[in-house]
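Sequential numbering from 1 applies to the sequence shown in the UniProt record's numbering. Note that the Cβ used here is the ideal one computed from N, Cα and C, for glycine as well. Written below as structure tokens is the structure these notes are about.
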Amino acid sequence: MYLQRCDVVDGLSPLIAVALHHGHDVRPEVLDLMMIGETDRLREEDPYTGELTSVAASRVINYVSRFEVDLNRPPSRAVYRRPEDAWGLEIWNSPLPASVVRRSMDQYRQFYNHAARLLSGIEARFGRFVVFDIHSYNCRRSGPGALPDDPMLNPD
């Protein structure tokens, strides 16, 4: 079940810190289909953003790699299928089977159903809430020794 790959803490506070791209975990069936290496994946994930969620008593930390399912994208773009979906990176050895995409999207829906319950409960208690959506920024998409990328051409 997806929620075992995510920490959700209802800290009884209307301030919620979320680290959607903290994760690096990939299901074995997905990892077997990947051609992208672990180092290249890590460069586009947001490592350590989970630690930054400590700014709020209520927290959500996702441990699943955005290369499995990107929770910060709309459902139609949540599973990267082509290089242009992921900054030109070649991710897959072959097209993804529909069954793999379906399981990834099941996780996406489960996450957002759970998040809606969490936020609805907080809203019922406090009348409103604030979500801090925490990310990091990769300024060297070509690798650690490369020159920084132009931020105007590198918005994600």
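Nearest neighbour of R73 by Cα position, chosen from E90, V130, L31 and H21, turns out to be H21. Look at S104 here: in three-state DSSP terms it is helix. Our two residues, L119 and F132, have alpha carbons roughly 13 Å apart in a direct line. Residue environment analysis places D25 among the exposed positions, since fewer than 16 neighbouring C-beta atoms fall within 10 angstroms of its C-beta. In the displayed model, L118 falls within a helix according to three-state DSSP. Counted as a single uninterrupted DSSP element, the alpha helix (DSSP H) harbouring L42 occupies residues E38 to E44. Taking the Cβ atoms as the reference, V60 lies roughly 13 Å from V130, outside the contact range of under 8 Å. A straight-line Cα-Cα distance of about 12 Å links V79 and P97.
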